[in-house]
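Enquirer: Everything in the sequence shown is counted per our numbering, starting at 1 for the first residue and increasing by one. Don't be surprised by glycine CBs; every beta carbon is placed ideally from N, CA and C.
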Amino acid sequence: MKAFIDKINIEIMISSILQILHFMLTDLTFIPVSVSSYLVFLPFVKSVDLFRAVMIKNDTIISIGWESFAILSINAVIYFSLDLFVFLICERIAMKKVH
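#1: Looking at K96 and S68, is the spacing between their C-beta atoms short of 9 Å?
#2: Is D59 helix, strand or coil by DSSP?
#3: How about the segment 33 to 41 and the segment 8 to 22: do they share at least three Cβ pairs that are nearer than 8 Å?
#4: On the three-state DSSP scale, how would you describe F51?
#5: With respect to the alpha helix (DSSP H) encompassing S84, which residues constitute its N-terminal and C-terminal limits?
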């Protein structure tokens, strides 16, 4: 019974951490890139800014420029690699705990 309660407590803690992370990422999307240029390298900020430009200012994909696409591509590769690295570490730890 104690193991079951511990498992539920861990799931609640993980859920709380994910909820906090979700709010932090949501807040990042509301900050325009023109206010802080270093925010371009954080996840979702540049893509949301480009989405705003297309929807509000009626920009086209051709008028956006290759620099923005390069930043998006580099950003995607870096965050995908980082996420994959963290996932593999967590998977290795979980497999050790099972065996």
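Expert: The structure says:
#1: no
#2: coil
#3: no
#4: helix
#5: The question names Ser, yet the displayed sequence has Leu at residue 84. W66 to V98 is the extent of the alpha helix (DSSP H) around L84.
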